[in-house]
Structures are given as C-alpha cells and as structure tokens.
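Engineer: Following this message is one structure expressed as structure tokens.
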C-alpha cells in the first residue's frame, strides 16, 4: 500500500521542480547551474527537466492555482526571499492542493493496482496535513 506522500514524491515533486526551473530560466534568466543550486539538485537534472525528459508525469501548468503557486515560488527564489522553511512550506502547499484536486489519484492507481480511487477520501478536503 502506497502512501499519498510516496505518490507525490514520484509523480508531483519532479514536475513541480521542472516548472519552477522553467520559470527561473525563462522569466528570470537563470542558468541551469544556478537553478540546480537553488533547488538543491544537480545541473543534469535541470537539463532533463528542460528537455522534458524528466518531470512530465503531470502537467501542472494546466491548473491555474498550482501554476500561480509555482510562479510565486520561482519569483521568491529569484529574489532570494525564501527561507528553507518557507521553501518547504510552499512545496507542501502545492502538494496539498494537487492532492485535494485529486490530481494524483490516477498515478496512485497506476503505482498501486489495489488502490480504489472511487472509495478513497484520504486527500480530499481541509484535513490534509503534510508537516
């Protein structure tokens, strides 16, 4: 049985990083090495995100609320006004929203065939807590 957080790590974290990297590179003019340092990952990972070879499990740009959170997070990173705690909190906020909108359900089902989407209430509503 997979936990929702495990599904998020596999299917939400990479697309979120990819979207943030895209914002930092295209809107803020950062180099891949700079973005990698800001996100705490390798430059080759940024390159894979940039070429859409990684981080494509979900298209987060389709959801305006999540897209706004990503843009705001990229802006804060670019302006060096994001503490580690705030960085983590913002990632969790994106995760909570994606889970509440049931964006991870199909991925959960593909990773765990025993998962019953129709009966699941775990990620629904205000009770989602990540930290």
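Numbering (the numbering used here), first residue to last: 18 to 148.
Ideal Cβ placement from N, Cα and C applies to all residues, glycine included.
Computed from a prediction, not measured in an experiment: that's the story for all the values here.
1. For the segment 63-105, which segments carrying the alpha helix (DSSP H) assignment without a break, of at least 4 residues, lie completely within its bounds, in sequence order?
2. For the candidate residues 140, 74, 19, whose alpha-carbon lies nearest to that of residue 109?
3. Could you give the DSSP three-state label for residue 141: helix, strand or coil?
4. Considering only residues of the same chain and omitting the five flanking positions on each side of residue 24, which have a CB-CB separation below 7 Å?
5. Quick one: give me the first and last residue of the alpha helix (DSSP H) that residue 124 is part of.
6. Hey, could you find the ends of the alpha helix (DSSP H) residue 34 is sitting in?
7. What is the DSSP secondary structure of residue 111, reduced to helix, strand or coil?
8. The alpha helix (DSSP H) that contains residue 51, what's its start and end?
9. Could you give the distance in angstroms between the alpha-carbon of residue 148 and the alpha-carbon of residue 56?
Structural biologist: In this structure, then:
1. Whole alpha helix (DSSP H) segments, 4+ residues: 81-95.
2. Checked all of 140, 74, 19; the closest Cα to residue 109 is 140.
3. Residue 141 carries a coil assignment under DSSP once its states are collapsed to helix, strand and coil.
4. Cβ within range, chain order: 121, 124, 125, 128.
5. For residue 124, the uninterrupted alpha helix (DSSP H) segment begins and ends at 122-128.
6. In the DSSP annotation of this structure, the continuous segment of the alpha helix (DSSP H) that includes residue 34 starts and ends at 30-43.
7. In the structure shown, residue 111 sits in a helix (DSSP, three-state: H, G or I).
8. Element bounds for residue 51: 49-56.
9. For residue 148, the pLDDT reaches just 49, beneath the cut-off of 50, and the residue's location in the model is therefore unreliable, although a value from the coordinates is still provided. Residue 148 and residue 56 have their alpha carbons spaced roughly 19 Å apart.
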